[in-house]
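>
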Amino acid sequence: VASLAARGEAQKDALLGGLLVPGFDEPSCASRYQSVHYRKNMTRPPSPHLLRRLRRQEALQRRCGPGTEPYRRASERLSSRQSAGDGDGFVATVDGCGYLVLISYRGLGNRILAMASAFLYAMLTDRVLLVDPGKTMADLFCEPFLGASWVLPQDFPLEGFRDLGEDAPESYGNVAVNRSGSVSGLRFVYAHLDHAASPANRLLYCDDHRQFLHRVQWVVLRTDSYIAPGIFLNPAYREELDMMFPRKDSVFYLLSRYLFHPTNDVWGMVTRFYNAYLKNADERLGIQIRVFDGDEPFQHILDQILECTSEQHLLPGVVTTGVGGGGAPPLVVRSKAVLTTGLNSWYHDSIREMYWRSPSSTGEVVSVHQPSHEEHQHFFRSIHDMKALAEMYLLSLSDKIVTSGWSTFGYVGSGLGGLTPYIMIKPENRTVPDPPCKKAMSMEPCSHGPPFFECTKKEIDKIIDTGNLLPHVRSCEDMPWGRKLA
Ligand code: GDP
78 VASLAARGEA
88 QKDALLGGLL
98 VPGFDEPSCA
108 SRYQSVHYRK
118 NMTRPPSPHL
128 LRRLRRQEAL
138 QRRCGPGTEP
148 YRRASERLSS
158 RQSAGDGDGF
168 VATVDGCGYL
178 VLISYRGLGN
188 RILAMASAFL
198 YAMLTDRVLL
208 VDPGKTMADL
218 FCEPFLGASW
228 VLPQDFPLEG
238 FRDLGEDAPE
248 SYGNVAVNRS
258 GSVSGLRFVY
268 AHLDHAASPA
278 NRLLYCDDHR
288 QFLHRVQWVV
298 LRTDSYIAPG
308 IFLNPAYREE
318 LDMMFPRKDS
328 VFYLLSRYLF
338 HPTNDVWGMV
348 TRFYNAYLKN
358 ADERLGIQIR
368 VFDGDEPFQH
378 ILDQILECTS
388 EQHLLPGVVT
398 TGVGGGGAPP
408 LVVRSKAVLT
418 TGLNSWYHDS
428 IREMYWRSPS
438 STGEVVSVHQ
448 PSHEEHQHFF
458 RSIHDMKALA
468 EMYLLSLSDK
478 IVTSGWSTFG
488 YVGSGLGGLT
498 PYIMIKPENR
508 TVPDPPCKKA
518 MSMEPCSHGP
528 PFFECTKKEI
538 DKIIDTGNLL
548 PHVRSCEDMP
558 WGRKLA
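If you're matching positions, the sequence shown starts at 78 in full-length UniProt numbering and goes up one per residue.
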């Protein structure tokens, strides 16, 4: 505490402008109230209306969540295999408790984007959010809600829900198109918003919840994407979202700072690495390297990183002729710590060697660090996912960040940190794209499977450019058909 006070940080607001509430047991999740000491001040404070909605959601989670009488009744109804008996499906207003269950699949970046956007959708539709923990979630995140759980209980009665696909009879597309909105006889509705969902299932982006979803107590959602931009396109939620987020460029930033608190094990990995390699530098640059061509090293990727960091003046060049670092040392030596993340260590090794063999052209001391090199992506292995989370978190503690286009891992690193990234465009034909990277328009993640029709018309066969409908929903830098908030 003394050293923090010395750095003038004792006054930092651990509750992030009311985003977080006091009262959690601190030692069991140190990151929740300590992360503020590793970060710059909030660049986007939460609006009073967002705070009201968060408190309302917490109250709902406590009143209807696992362990409560309403939850017991609702799960009994779900398992009873009978419809409500009114011929019209279940009524979400039974006990005033409706539920949104999120299926977990794909990489950790995808899962984090899905959780943040499912939480937003749950708030907008007054549903309790329950996240399928998969095999690793308990090792990754603390509970975000005081006195309630967001983890789907082990005994959740809907067998086989992880195998639901978009052709299921309960799918939103099927109910909307083939059943004309009748939920009679259905125990739940399945919302399929995978990035490659069919147009009929994407109609959910236009749902105003008054049509038929409000009559369904259980909604099961599958998405691997950041669905918020699509939700912003829905006129039904426009007014509410405007009040919650007067600035549209920081939706993920605020939601992620509210929701994602690493467990003590992950937090230890974050803070030990940060204190050992990054803390004392004058400046920290994060470089997230995600290669979709294969896990082996590629020269064009290294070239792209170096061209990007040079063009954007993020890293100094090196002096390869003349003295090899001799002469009088400069009086003030600036230090720059570079954090690289990636499955392969070759990029890190090459950049580090470059600054070892030759002096930097500016005299800056450049150190290069990478926490791990897992070689290949694995699914649902705890230690693998913990490293991935610790690295996304470390990236978010940089001052500036370079990310790889198309990568949700990079979206999380920059969004969580409130950092507008320099995005390296995904290479085609193994050549460095021109330009190698672009400064993004905002810190928001890109949605990879947005709706492409107008909600007022719901003509799913008529594709329109949804990037021109609203000033704050735009085409992504790295994926022209993707949509992002700005
Ligand atoms: P995306 O595929 O780039 O959109 O990101 P995801 O996070 O969804 O999936 C990639 C997965 O591969 C991660 O969750 C990790 O399991 C692994 N991975 C990819 N890049 C890295 C990295 O830089 N560090 C670590 N530790 N794991 C990585």
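Glycine included, C-beta positions come from ideal geometry on N, C-alpha and C.
With DSSP collapsed to three states, give me the class of residue 356.
coil
> Kindly indicate which three-state DSSP category residue 161 falls into: helix, strand or coil?
Reliability fails at residue 161, whose pLDDT of 43 lies under 50, so the model's placement of it is uncertain and no value is given.
> Assuming residue 368 contacts residue 410 under a Cβ cut-off of 8 Å, what Cβ separation, rounded to an integer in Å, is found between them?
Not quite, the Cβ-Cβ distance comes to about 33 Å (not below 8 Å), so this is no contact.
> Taking 8 Å as the cut-off, does the CB of residue 185 come closer than this to any heavy atom belonging to ligand 1?
yes
> Taking only heavy atoms of ligand 1 into account, decide whether any of them is closer than 8 Å to the Cβ of residue 329.
no
> Between residue 418 and ligand 2, is the CB less than 8 Å from at least one heavy atom?
Ligand 2 is absent from the structure shown, which contains only ligand 1.
> Please find out if some non-hydrogen atom of ligand 1 comes closer than 8 Å to the beta-carbon of residue 181.
Exclusion of residue 181 from the 8 Å shell around ligand 1 follows from its C-beta lying no nearer than that to any non-hydrogen atom of the ligand.
> The alpha helix (DSSP H) with residue 189 in it runs from where to where?
185-201
> Residue 547 to residue 437, Cα distance in whole Å?
45 Å
> Is residue 209 near residue 180, with beta carbons less than 9 Å apart?
yes
> Considering only residues of the same chain and omitting the five flanking positions on each side of residue 465, which have a CB-CB separation below 6 Å?
185
> Spell out the partners DSSP gives residue 339 in its beta bridges.
218
> Using a threshold of 9 Å, state whether the C-beta atoms of residue 493 and residue 248 are closer than that.
no
> Does the Cβ-Cβ distance between residue 127 and residue 321 come in under 9 Å?
yes
> Just list the residues that DSSP pairs residue 132 with in beta bridges.
According to DSSP, residue 132 bridges with nothing at all.
> Is the Cβ-Cβ distance between residue 537 and residue 517 less than 9 Å?
no
> Could you tell me whether any Cβ in chain D is nearer than 9 Å to the Cβ of residue 135?
Here there is only one protein chain, and chain D is not present.
> Exposed or buried, what is residue 72 when buried is set at 16 or more other beta-carbons lying within 10 Å of its beta-carbon?
Shown here, the chain extends from 78 to 563; a query on residue 72 therefore has no answer.
> Using 8 Å as the cut-off, classify the Cβ of residue 315 as near or not near the heavy atoms of ligand 1, replying yes or no.
no
> Roughly how far, in whole angstroms, is the beta-carbon of residue 421 from the beta-carbon of residue 450, given that I think they are within contact range, below 8 Å?
6 Å
> Do you know offhand how far residue 293's Cα is from residue 114's?
44 Å
> My guess is that residue 253 and residue 280 are in contact by the Cβ rule of under 8 Å, so how many angstroms apart are they, rounded?
5 Å
> Could you check whether the Cβ of residue 367 sits closer than 8 Å to any heavy atom belonging to ligand 1?
yes
> What is the rounded straight-line gap between the Cα of residue 559 and the Cα of residue 398?
45 Å
> What do you reckon, is the C-beta of residue 448 under 8 Å from a heavy atom of ligand 1?
Between ligand 1 and the CB of residue 448, the shortest heavy atom gap is smaller than 8 Å.
> Mind checking who residue 204 pairs with in its DSSP beta bridge?
175
> Please report how far the alpha carbon of residue 183 lies from the alpha carbon of residue 427, in whole angstroms.
30 Å
> Which class does residue 166 belong to by DSSP, given the choice of helix, strand or coil?
In this prediction, residue 166 has a pLDDT of 46, which is less than 50 and means its spatial position is unreliable; what the coordinates show is noted afterwards. Three-state DSSP puts residue 166 in coil, outside helix and strand.
> Taking residue 507 as part of the beta strand (DSSP E), name the residues at either end of that continuous run.
Note, residue 507: premise wrong, no beta strand (DSSP E); not H, not E.
> Ligand 1 and residue 483: does the residue's C-beta get closer than 8 Å to at least one heavy atom of that ligand?
yes
> In terms of residue numbering, what span does the beta strand (DSSP E) encompassing residue 478 cover?
477-481
> Ligand 1 and residue 376: does any heavy atom of the ligand fall closer than 8 Å to the residue's C-beta?
no
> Let me know if residue 433 comes out buried or exposed under the rule of 16 or more other beta-carbons within 10 Å of its beta-carbon.
exposed
> What's the C-alpha gap between residue 474 and residue 171?
44 Å
> In the DSSP assignment, find the unbroken alpha helix (DSSP H) run with residue 155 in it and report its ends.
146-156
> When you measure from the CB of residue 461 to every non-hydrogen atom of ligand 1, does any distance come out below 8 Å?
For ligand 1, at least one heavy atom lies less than 8 Å from the Cβ of residue 461.
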